[in-house]
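All residue numbers for the sequence shown refer to my numbering, where the first residue is 4 and numbers rise by one. Even glycine gets a Cβ: it sits at the ideal position worked out from N, Cα and C. Just so you know, these numbers come straight off a predicted model, no measurement behind them. First up is the structure itself, then whatever we jot down about it.
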Amino acid sequence: MTEPNALNNLRDIHLPEAIGWWPLAPGWYLLILVILCIFILGLYYFFEYQKNSKPKRHALKLLAQYQEEYQRTGNSQLASTRISELLKRVALVYFSRETVASLKGDDWVAFLNQTGKKINFNAVRQQLLELPYQSSTSQVNLAPLFTRARLWIKQRGKRCLN
């Protein structure tokens, strides 16, 4: 019954075929779907953020140009006028037209104070309201007005669809 060379007649163990990675298990399809949804949602929020912050970025760029021109020329009357106009334009983008368009004088300063967090425009009220209409002005330091305008613009969030 037993052969002396029985081991020589044995064949090697046959391994099963390697398991392929395709088709994927259902859990992987679910994971891919979740990752794809997160990616699409991230893109959506990124483009919404870009769209909502575009006027803010543009206004900050204009404000920097106005400040540079003011430092070059020293014309505080022109700079004050431009800052006031820029603040009004930004307000029209981020707040309803009915709320902003009719504001002037102390109502305008009160609106800026109410909508700005911890920004007090009362300290620069004269520079904002009266300086643009003075015929001849001496050199006025507009740094506080530029600072307050920059902070107020940076605080703007979602655009208002008038």
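{"Query": "Selection from Tyr32, Phe124 and Leu154 that minimises the alpha carbon distance to tryptophan 24", "Result": "Tyr32"}
{"Query": "Within 8 Å, strictly: CB atoms of valine 93 and isoleucine 156", "Result": "yes"}
{"Query": "Proximity below 8 Å, CB of cysteine 163 to CB of tyrosine 73", "Result": "no"}
{"Query": "Assigned exposure category for serine 87 - 16 Cβ within 10 Å defines buried", "Result": "buried"}
{"Query": "Glutamate 71 to phenylalanine 149 span [Cα, whole Å]", "Result": "11 Å"}
{"Query": "Where the alpha helix (DSSP H) containing isoleucine 1 begins and where it ends", "Result": "The requested residue 1 does not occur in the structure, where the chain is confined to residues 4 to 165."}
{"Query": "Extent of the continuous alpha helix (DSSP H) run through glutamate 20", "Result": "Here glutamate 20 belongs to no alpha helix (DSSP H), and DSSP marks it neither H nor E."}
{"Query": "Arginine 117 classed as buried or exposed, judged by whether at least 16 other C-beta atoms fall within 10 angstroms", "Result": "The residue asked about is misnamed: residue 117 is glutamine in this sequence, not arginine. Classification of glutamine 117: exposed, given that the 10 Å Cβ count is below 16."}
{"Query": "Boundaries of the alpha helix (DSSP H) in which alanine 113 is found, first to last residue", "Result": "109–118"}
{"Query": "Serine 83 classed as buried or exposed, judged by whether at least 16 other C-beta atoms fall within 10 angstroms", "Result": "buried"}
{"Query": "Beta-carbon separation (whole angstroms), leucine 89 vs alanine 62, contact threshold 8 Å", "Result": "6 Å"}
{"Query": "Cβ-Cβ distance between phenylalanine 114 and arginine 151 below 8 Å", "Result": "no"}
{"Query": "Rounded C-alpha distance that separates proline 147 from leucine 44", "Result": "40 Å"}
{"Query": "Beta-carbon separation (whole angstroms), glutamine 130 vs valine 143, contact threshold 8 Å", "Result": "6 Å"}
{"Query": "Alpha carbon of isoleucine 41 to alpha carbon of isoleucine 35, nearest angstrom", "Result": "10 Å"}
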